[in-house]
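Visitor:
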Amino acid sequence: MKRILLPAGGAVLATGLLAAGLAGTANAVPDWAYDTMAKDAPSAVEVAKFWLAANDHTNNLAKATPYTWETKATAKLNASGGYTPDGKPGIVAPIGEEKKTAAKVKNINLPKSIGKVFFVDSSGDLKWCSATSIQGKYRNLVATAGHCVYDDSKNASVMDNWVFVPGYYQGKTPYGIYVGKTAFTHYDYSVYNDRDRDYAFVTVYNGVQIGGGTAKEVSQKDYDAFSGAKFGKDVPITEDEYKKTVDLHGGETSAAWAKAETIKDPVGPDFPGAVKVFEEVSKDAYDKAPSGQVNGAKAPGKTTVEHATKAKYDAYTGPGYRKIDEKGNYTITHYWVKFWVKKTDVKSFFKTVYYVIDGFIKDSGRLGDNVGGQGFTWNQKPEQTVFVFGYPADAHPDGNKAYTGVTPKWTYGKTSGKTYVSAAHKVEEHVGLKSSFTPGADGGPWLAKYSNAKRLGYVNGVTSLFGDQDNNGRYDLITSPYFDGETQTVYSKAANVWSGTIVK
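With the working numbering, letter number 119 in the sequence shown gets 120, and the count goes up by one each step, no holes.
1) Buried or exposed: where does Asp485 fall if 16 or more other Cβ atoms within 10 Å of its Cβ makes it buried?
2) Comparing C-alpha positions only, which one of Val276, Ala300, Asn401 sits nearest to Ala286?
3) Only counting runs of 4 or more residues, tell me where the alpha helix (DSSP H) segments fall wholly within the region 349-381, in order along the chain.
4) Would you kindly work out how many angstroms separate the C-alpha atoms of His308 and Asp315, rounded to a whole number?
5) Determine, using beta-carbon pairs with one atom in the region 468-482 and one in the region 423-435, whether at least three such pairs fall under 8 Å.
6) According to DSSP, simplified to helix, strand and coil, what is Val389?
7) Secondary structure at Gln470, three-state DSSP: helix, strand or coil?
8) Quick check: the Cα distance between Gly177 and Arg140, rounded to an integer number of angstroms?
9) Does the beta-carbon of Asp241 have 16 or more other beta-carbons within 10 angstroms, so that it is buried, or is it exposed?
10) Grab the span of the alpha helix (DSSP H) containing Gly486 for me, first residue to last.
11) How do the region 439-457 and the region 389-397 stand: do at least 3 beta-carbon pairs fall below 8 Å, yes or no?
12) For the beta strand (DSSP E) containing Ser452, list its first residue and its last residue.
13) Tell me the DSSP secondary structure of Pro167 in three-state form.
14) Could you check where the beta strand (DSSP E) with Ala257 kicks off and where it finishes?
15) Whose C-beta lies closer than 6 Å to the C-beta of Ala146 among residues of the same chain, with five residues either side of it excluded?
16) Among the candidates Lys265, Thr66, Tyr206, whose CA atom is the shortest distance from the CA of Trp129?
17) Quick check on the DSSP output: the beta strand (DSSP E) that includes Glu430 runs from which residue to which?
18) Would you be able to state if there are at least three C-beta pairs under 8 Å between the region 161-170 and the region 108-120?
19) So, for Asp266: in the same chain, excluding its five sequence neighbours on each side, which residues have a beta-carbon less than 8 Å away from its beta-carbon?
20) Between Gly97 and Gly302, what straight-line distance do the alpha-carbon atoms span, to the nearest angstrom?
21) Can you tell me whether Asn108 is buried or exposed, with buried defined as 16 or more other CB within 10 angstroms of its CB?
22) Identify whether Arg456 lies in helix, strand or coil by the three-state DSSP scheme.
23) With H, G and I counted as helix, E and B as strand and the rest as coil, what does DSSP make of Ala29?
24) State the DSSP-derived secondary structure class of His148, mapped to helix, strand or coil.
25) Between which two residues does the beta strand (DSSP E) harbouring Trp52 extend?
26) Looking at C-alpha atoms only, which residue of Ala184, Leu142, Pro273 is the closest neighbour of Gly208?
27) In the DSSP assignment, the alpha helix (DSSP H) including Gln136 goes from what residue to what residue?
28) So, are the CB atoms of Ser191 and Tyr151 less than 8 Å apart?
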């Protein structure tokens, strides 16, 4: 997608949805840029469905792998000097505080706000990074690394199909899936790929859960057009109802049919009193059957696609053709051939009633209301104690794999008073923390003043680079951009932009 930048000395675009949050003055400093992700509700619904679509009983979330294109084989980072804040320190309080407890907690309580961001990279691969919910005016904001939002190999355009899943675990979305709407980053990162500004703040739509809902009867036309969960149910009718339905709809394309337990002495369609009946056959037998008005011919108007539960799909042993479609629905396609028999052979009459799952996609509310949001702080002294959370997954340079990326982990310590420099990554002023975290933890929050009882703190960095300082084949350092007044400018633009729901 094309970047939208704030030009030096130019007026800020302030139209439509972004008017309230993006308006500025003609002399605004060009510290920030924003990009549209899922542009509207229908687009966002398709993004959510993409990630929850199943094939071989596994959704796309579970198939994603850690995004390491930007972080693998990181060269040694050189330390020098120290960073000087560009103004007074500031803080924004977190939201969703849990009740305090007087008991001493020996273990670290992981915050509910952390999770994974999922996206499709420039190679078309399913990838993920770490991230957190962060406080914002509309409780709809995610903080992560810039390289987990912007694809440098595609001229810094935003990643495709970007979503945030707090509390993610093995394909499950306990608090819903949150589709990215607008991404904010520093102008220098967007234009020059300046990794000293490797952070991004993304507004997300209300979360959605896919599944559940109630069945609603619809016409066959609406059933065929519906792209969500649906199913057909055979119900008995009287012979008079059968004849009426056949007369109304032309017989061959009718949803009604006569069913015989055994087909005895088939006759032709012109036999006095003959009744047309159908027999379900396999797809292979259907493909080999003749066409036309003869016994044993195809009955194309009777072909139906049943959307079954997984349990029914797995247990099914009939002649229907089983398949998991592109949307992850378990389907059984039923093929029929036709015969004309004497009326005395007909045992019962049926018709198909069609249902769709109304409310298949449900609104699960705002991100901050569900999992809270960490605070935000900037221009703090570099040497401070932080807790860092994320999903480390990749192996160390020597091949040792200490983490799986399945569950979130934490690391703890005091950040260095020095700045870290890497010409290869356009880094001149990162802050560092001793840690054995590996890639996969990219984008995870650095929380200052973290309260183990409340599970809340203040985001004062995000994991950007990984270093092996003693060259022993093991990562021993992680770095983050220093959060200064320019970071606060980017954050404040994002924190005041509304997103809304994608489900009516």
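Using N, Cα and C, we set each Cβ at its ideal position, and we do this for glycine too.
Guide: Based on what the coordinates show:
1) Here residue 485 corresponds to residue number 484 of the sequence shown, with the count starting at 1. Looking at its Cβ environment, which holds 16 or more other Cβ atoms inside 10 Å, Asp485 is buried.
2) For this step, residue 286 is matched to residue 285 along the sequence shown. Checked all of Val276, Ala300, Asn401; the closest Cα to Ala286 is Ala300.
3) 368-372
4) The count along the sequence shown starts at 1 and reaches residue 308 at position 307. The count along the sequence shown starts at 1 and reaches residue 315 at position 314. Rounded to the nearest angstrom, the two C-alpha atoms are 13 Å apart.
5) yes
6) Position 388 of the sequence shown holds residue 389. The answer is strand: DSSP assigns Val389 an E or B state.
7) For the purposes of this step, residue 470 is taken as the residue at position 469 of the sequence shown. Three-state result, Gln470: coil.
8) The residue labelled residue 177 in the question sits at position 176 within the sequence shown. The residue labelled residue 140 in the question sits at position 139 within the sequence shown. Roughly 15 Å between the two C-alpha positions.
9) Along the sequence shown, one-based indexing puts residue 241 at 240. It is exposed - the Cβ of Asp241 has fewer than 16 other Cβ atoms within 10 Å.
10) Within the sequence shown, numbered from 1, the residue matching residue 486 stands at position 485. Unbroken alpha helix (DSSP H) run through Gly486: 486-496.
11) yes
12) Position 451 of the sequence shown, counted from the first residue, corresponds to residue 452. 446-452 is the extent of the beta strand (DSSP E) around Ser452.
13) Here residue 167 corresponds to residue number 166 of the sequence shown, with the count starting at 1. Of the three classes helix, strand and coil, the one that applies to Pro167 here is strand, per DSSP.
14) In the sequence shown, the residue the question calls residue 257 occupies position 256. Run containing Ala257: 257-260, per the beta strand (DSSP E) assignment.
15) On the sequence shown, residue 146 is found 145 positions in, with the first residue counted as 1. Closer than 6 Å at Cβ, skipping near neighbours: Asp199, Asp443, Gly444, Val463, Ser465.
16) Taking the first residue of the sequence shown as position 1, residue 129 is located at position 128. Comparing Cα-Cα distances from Trp129 to each of Lys265, Thr66, Tyr206, the minimum goes to Thr66.
17) Translated into positions along the sequence shown, residue 430 becomes position 429. 428-435 is the extent of the beta strand (DSSP E) around Glu430.
18) yes
19) Within the sequence shown, numbered from 1, the residue matching residue 266 stands at position 265. Counting only Cβ-Cβ distances below 8 Å, and skipping sequence neighbours, we find Val342, Lys343, Asp346.
20) One-based indexing of the sequence shown puts residue 97 at position 96. One-based indexing of the sequence shown puts residue 302 at position 301. Between Gly97 and Gly302, the C-alpha separation is close to 56 Å.
21) For the purposes of this step, residue 108 is taken as residue 107 along the sequence shown, with counting starting at 1. Exposed is the call here.
22) As a first step, residue 456 must be located in the sequence shown, where it is residue number 455. In the structure shown, Arg456 sits in coil (DSSP, three-state: anything other than H, G, I, E or B).
23) Residue 29 sits at position 28 when you count from the first residue of the sequence shown. Unreliable placement is indicated for Ala29, whose pLDDT of 48 sits below 50; no coordinate value is reported for it.
24) By 1-based counting over the sequence shown, the position of residue 148 is 147. Looking at His148 - three-state DSSP - the assignment turns out to be helix.
25) Here residue 52 refers to the residue found at position 51 of the sequence shown. That residue, Trp52, is in no beta strand (DSSP E); its alpha helix (DSSP H) goes 42-53.
26) Here residue 208 refers to the residue found at position 207 of the sequence shown. The residue with the shortest Cα to Cα distance from Gly208 is Leu142.
27) Looking up residue 136 in the sequence shown gives position 135. No alpha helix (DSSP H) holds Gln136; DSSP gives it neither H nor E.
28) Along the sequence shown, one-based indexing puts residue 191 at 190. Along the sequence shown, one-based indexing puts residue 151 at 150. Contact: yes.
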